[in-house]
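Taking the UniProt record's numbering, I'd label the letters of the sequence shown as residues 1 to 221. A short worksheet on the structure shown next.
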Amino acid sequence: MSGSPVRVLLVDDHTLLLEAVSELLRMEDDIEIVGTAGDGGSAVAMAACVLPDIVLLDIEMPGETPQETLARIKEVSPSSSIIALSMHDGAGLVREMLSAGARGYLHKSVSRQDLVAAIRSVHRDRSRMVVSVSSNGFHAPDPAEAAGPGALSAREHEVLALAAQALSNRQIAKQMSITEGTVKRHLRNIFAKLGAVSRIDAVNKAMALNGQPGYPGRRSA
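Put into structure tokens, the structure is as follows:
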């Protein structure tokens, strides 16, 4: 068994990042990339097919929640250990993913050495959990707990309202007369403040915080 490589499934909707991580891990003699996927459904299907030892799961993909994807992967491949990858490192989000069954949580800024070490550690010791995030992010108050109705700026409320109507970043930018990059920055801030991992998650959490099912609602013409 000691001579067998760690079989890894990579899941991320950003093709360039997926390819970059694949190349990095292929440099390791004891790690084998057995598949890649760009969305939750493909990840579940691939996991059922290849039964990986480790799944590196991007938790910011569109579609179903990362908790749902994680649960479905565990259903089809119970022996797989799942390590969450994210651009966000709020303590609440880390706890959510670990509670859902993830064996690790790594910020996407993690070094190659730390990524490889995490994969080996989780594979070697099935009772071990690995977390690598910034100290500021992990010790900061849980955004979902700290946020109130006024936690988002007026501009952020406007962006979230348009996102709830399924407008693309480009459409939101055009409607608000701002750049697409500014829209993305607003969305990153919204996700960080609410502890959200997707647009749908942000809308749902904003609705819960405001206590009204219509949030953020449609803007009048």
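The beta carbon of each residue, even a glycine, is placed where N, CA and C say it ideally should be.
In the structure shown, the three-state DSSP call for Leu-70 is helix. Ala-100 places its beta carbon 8 angstroms or farther from that of Val-76. Along the UniProt domain "Response regulatory" (7-123), the alpha helix (DSSP H) occurs as fully enclosed runs of 4 or more residues at 15-26, 40-50, 66-76 and 91-100, listed in sequence order. Excluding its 5 nearest sequence neighbours in each direction, Arg-199 has C-beta neighbours in its own chain below 7 angstroms: Ala-163, listed in chain order.
Sorting Leu-160, Ala-45, Ala-102 and Glu-32 by C-alpha distance to the C-alpha of Met-207 places Leu-160 at the top. Look at Val-131 here: in three-state DSSP terms it is strand. Here the C-alpha atom of Met-97 lies approximately 19 angstroms from the C-alpha atom of Arg-188. Pro-66 is classed as buried because its beta carbon has at least 16 other beta carbons within 10 Å across all chains shown.
In the three-state DSSP reduction, Ile-172 falls in the helix class (H, G or I).
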